[in-house]
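*Asks:* If you use full-length UniProt numbering, the sequence shown closes out at 401, no skipped numbers anywhere. Every residue gets a Cβ at the ideal spot worked out from N, C-alpha and C, and that includes glycine. These figures come from a predicted structure and were not determined experimentally. Starting off with a structure, shown below.
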Amino acid sequence: MIDAVIGLRNLGRNRRRTLLTGSLVAFGVVCLIVFQSLKVGMHEQMIVSTTSLDNGILQIHDPDYRPNRSLLQPINDSATLIERLDQHQIRYAERLKTAALLLAGPQSSMISLSGISPEHEAQVTQISNQMREGTYLGRSNTIVLSQALCQALSLSLNDQVTVMAQDSAGQPALAKLTVVGIFSTGLPSFDTTHGYVELATLQQLIKAPQVISEISIHTQLDNQNDMETRLLPLLNKDQRITRWQEALPDLVQLIELNDTTMSILIVIVFILVGMGILNTMTMITYERFKEFGLLAALGYPPAGVIRMVLAEALFLGTGAAFLGGLIGALICLWLGQQGLDLSQFTSNNQYFTSAHILYPQLRWSDMVAAFVLAAVTCILSGLFPAWKASRLNPVEALRHI
Numbered sequence: 001m002i003d004a005v006i007g008l009r010n011l012g013r014n015r016r017r018t019l020l021t022g023s024l025v026a027f028g029v030v031c032l033i034v035f036q037s038l039k040v041g042m043h044e045q046m047i048v049s050t051t052s053l054d055n056g057i058l059q060i061h062d063p064d065y066r067p068n069r070s071l072l073q074p075i076n077d078s079a080t081l082i083e084r085l086d087q088h089q090i091r092y093a094e095r096l097k098t099a100a101l102l103l104a105g106p107q108s109s110m111i112s113l114s115g116i117s118p119e120h121e122a123q124v125t126q127i128s129n130q131m132r133e134g135t136y137l138g139r140s141n142t143i144v145l146s147q148a149l150c151q152a153l154s155l156s157l158n159d160q161v162t163v164m165a166q167d168s169a170g171q172p173a174l175a176k177l178t179v180v181g182i183f184s185t186g187l188p189s190f191d192t193t194h195g196y197v198e199l200a201t202l203q204q205l206i207k208a209p210q211v212i213s214e215i216s217i218h219t220q221l222d223n224q225n226d227m228e229t230r231l232l233p234l235l236n237k238d239q240r241i242t243r244w245q246e247a248l249p250d251l252v253q254l255i256e257l258n259d260t261t262m263s264i265l266i267v268i269v270f271i272l273v274g275m276g277i278l279n280t281m282t283m284i285t286y287e288r289f290k291e292f293g294l295l296a297a298l299g300y301p302p303a304g305v306i307r308m309v310l311a312e313a314l315f316l317g318t319g320a321a322f323l324g325g326l327i328g329a330l331i332c333l334w335l336g337q338q339g340l341d342l343s344q345f346t347s348n349n350q351y352f353t354s355a356h357i358l359y360p361q362l363r364w365s366d367m368v369a370a371f372v373l374a375a376v377t378c379i380l381s382g383l384f385p386a387w388k389a390s391r392l393n394p395v396e397a398l399r400h401i
């Protein structure tokens, strides 16, 4: 106990140096908390934006479903499944998807054509909120296309476009559809490759009555596992749940890359913090050679010297970490109110289609991790100076000026 008291009192000997070193530790903690909170908020926004664009948090398919196959892959007994979803009040969007060729005069374009139920789709994806002109379907033999695609095909509202797709027998099928709605997500790679029609319209076009190839499930991101648990008893052996992590592997890889980059950044910051503390503790040890020599001459045990120096480092680190945690939390709370406008950098990014304002997500686990990391860094940085002080020869130390 006396070692800890002496170590704490020693911090007041050179208050300027203690303040500078403590500021370095606090800066490291602030960086860790703010960067980690921004990263968590960014990842959540990326997932929500991407899944609300088309995918959904969870999807239900045929077990052999592959998104790039041209053959129709219907869900077995989809009517019974939809009835069960309604009974359990689960928000969903049933779809029939196929590749299609749009023909508008001499111009043409390949798209992914989705047959949807507009009222259900609006509960799962954001396309209904991205309408620029017209309506979000509502009647048969109509189609909703993007603004970019309409410009490329010289189409406008109420124009007719010919749609050619492969029917369930593998034969070409044609239909003339009226453009009743124009949307824009601001993402050219998505807008120019997607179109929407009524589910019944597409079923009739490809001669696949009552057929559904995909059911997208809406839920909160942190409720994904619970929703999957609710869904499993409702499925039969010919139906399979696909998580967004499976459907969007590129997004998973990007998140993992961000995690790795952040970890490297944090390691660099705390290496610098550790070097600063090591330098400070080494200077403190050097300046007090004579004091440590006197303690050794009086029979003070080397272990006591080690405890004294480590206590000084620990008090310095924990005090600065507490201050840094408080400042970091206040910054995160302020950013949580104001947001960080990223529209200049994310206007054409598929991971930020729903919003371009980033809000940090402050977690207690990150606060605790920052505090523990700062304390451990301080202790490790104080080990060598403490060991050096405990090994001093009393006679040589007392001669030190």
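My output table needs one value for I401: the three-state DSSP class, helix, strand or coil.
*Replies:* Legend: pLDDT at I401 = 49, less than 50; position of this residue unreliable, no value from coordinates given.
*Asks:* Excluding the 5 residues preceding and the 5 following K39 in the sequence, name in chain order all residues of the same chain whose CB lies nearer than 8 Å to its CB.
*Replies:* Taken in chain order, the residues that qualify are N258, D259, M262.
*Asks:* Restricting to Cα atoms, I'd like to know which of L298, A329, N223, E119 is closest to E44.
*Replies:* When each option's Cα is compared against that of E44, the closest is N223.
*Asks:* Who are the Cβ neighbours of L232 in its own chain at under 8 Å, not counting the five residues just before and after it?
*Replies:* For L232, where only same-chain residues beyond five positions count, the Cβ hits under 8 Å are I241.
*Asks:* Assess contact between the segment 197-214 and the segment 111-121, defined as three or more Cβ pairs (one per stretch) separated by less than 8 Å. Is contact present?
*Replies:* Yes, they touch.
*Asks:* Within 10 angstroms of the Cβ of I206, are there 16 or more other Cβ atoms? Answer buried if so, exposed if not.
*Replies:* By the 10 Å Cβ count, I206 comes out buried.
*Asks:* What span of residues does the beta strand (DSSP E) with R132 cover, start to end?
*Replies:* Start and end: 131-134.
*Asks:* In terms of residue numbering, what span does the alpha helix (DSSP H) encompassing V25 cover?
*Replies:* Note, V25: alpha helix (DSSP H), 15-50.
*Asks:* Are the beta-carbon atoms of A386 and I271 separated by less than 8 Å?
*Replies:* For A386 and I271, no; Cβs fall outside 8 Å.
*Asks:* If the criterion is Cβ atoms closer than 8 Å, does the pair L81 and L234 meet it?
*Replies:* Contact: yes.
*Asks:* So, at 6 Å on beta carbons, what are the nonlocal neighbours of A104 in its own chain, with the 5 sequence-adjacent residues on each side left out?
*Replies:* Excluding residues within five positions, the ones whose Cβ falls inside 6 Å are L153, L155, V161.
*Asks:* Let me check understanding here. Comparing Cα to Cα, which of R139, T135, K237 lies closest to L157?
*Replies:* Measuring from the Cα of L157, the nearest candidate turns out to be T135.
*Asks:* In or out: L310 buried (at least 16 other Cβ within 10 Å) or exposed?
*Replies:* Counting Cβ neighbours within 10 Å, L310 comes out buried, since at least 16 surround it.
*Asks:* Would you say the segment 120-130 touches the segment 159-176, given that touching needs at least three Cβ pairs under 8 Å?
*Replies:* Counting Cβ pairs under 8 Å, fewer than three are found: no touch.
*Asks:* Taking Cβ to Cβ, would you say L72 is nearer than 8 Å to A208?
*Replies:* Cβ atoms of L72 and A208: closer than 8 Å.
*Asks:* Between the alpha carbons of I401 and I284, how many angstroms are there, rounded?
*Replies:* At I401, the pLDDT of 49 sits below 50, so the modelled position is not reliable; the number obtained from the coordinates is stated separately. The alpha-carbon atoms of I401 and I284 are separated by roughly 14 Å.
*Asks:* Output the boundary residues of the beta strand (DSSP E) element that contains H194.
*Replies:* Note, H194: beta strand (DSSP E), 194-198.
*Asks:* Which value, in whole angstroms, describes the spacing of the CA atoms of G170 and M131?
*Replies:* Going by the C-alpha atoms only, they are around 33 Å apart.
*Asks:* Just to confirm the assignment, what range does the beta strand (DSSP E) spanning T185 have?
*Replies:* Taken as a continuous stretch (DSSP letters only), T185 belongs to no beta strand (DSSP E), as it is neither H nor E.
*Asks:* Going by DSSP in three states, residue 402 sits in which element: helix, strand or coil?
*Replies:* The chain is shown from 1 up to 401; residue 402 falls before or after that span and cannot be answered.
*Asks:* DSSP state of residue 402, grouped into three classes?
*Replies:* Outside the displayed range of the chain (1 to 401) lies residue 402, so it cannot be described from this structure.
*Asks:* Would you mind giving the Cβ-Cβ distance between G276 and T21, rounded to the nearest angstrom? I have them listed as a contact below 8 Å.
*Replies:* About 6 Å; that satisfies the 8 Å criterion.
*Asks:* Over what stretch of residues does the alpha helix (DSSP H) that includes Q89 continue unbroken?
*Replies:* Per DSSP, Q89 belongs to no alpha helix (DSSP H) and is neither H nor E.
*Asks:* E94 and I215: beta carbons closer than 8 Å?
*Replies:* Closer than 8 Å, so yes.
*Asks:* Quick check on the DSSP output: the beta strand (DSSP E) that includes L145 runs from which residue to which?
*Replies:* Its beta strand (DSSP E) spans residues 142-146.
*Asks:* If you check the beta carbons only, do I217 and I90 fall under 8 Å apart?
*Replies:* Against a cut-off of 8 Å, the Cβ pair of I90 and I217 comes out as a contact.
*Asks:* Helix, strand or coil, according to DSSP, for K97 in the structure here?
*Replies:* Note: K97 maps to strand in three-state DSSP.
*Asks:* Can you check the segment 224-264 for any alpha helix (DSSP H) of at least 4 residues that lies completely inside it and give the ranges in chain order?
*Replies:* List check, alpha helix (DSSP H) in window: 224-231, 244-247.
*Asks:* Label V267 either buried or exposed according to how many other C-beta atoms from any shown protein chain fall within 10 Å of its C-beta, with 16 as the threshold for buried.
*Replies:* V267 comes out exposed.
*Asks:* Just tell me which of S109, S146, A297, D54 has its CA closest to the CA of Y92.
*Replies:* Of the candidates S109, S146, A297, D54, the one whose C-alpha sits nearest the C-alpha of Y92 is D54.
*Asks:* In terms of residue numbering, what span does the alpha helix (DSSP H) encompassing A375 cover?
*Replies:* Start and end: 364-390.
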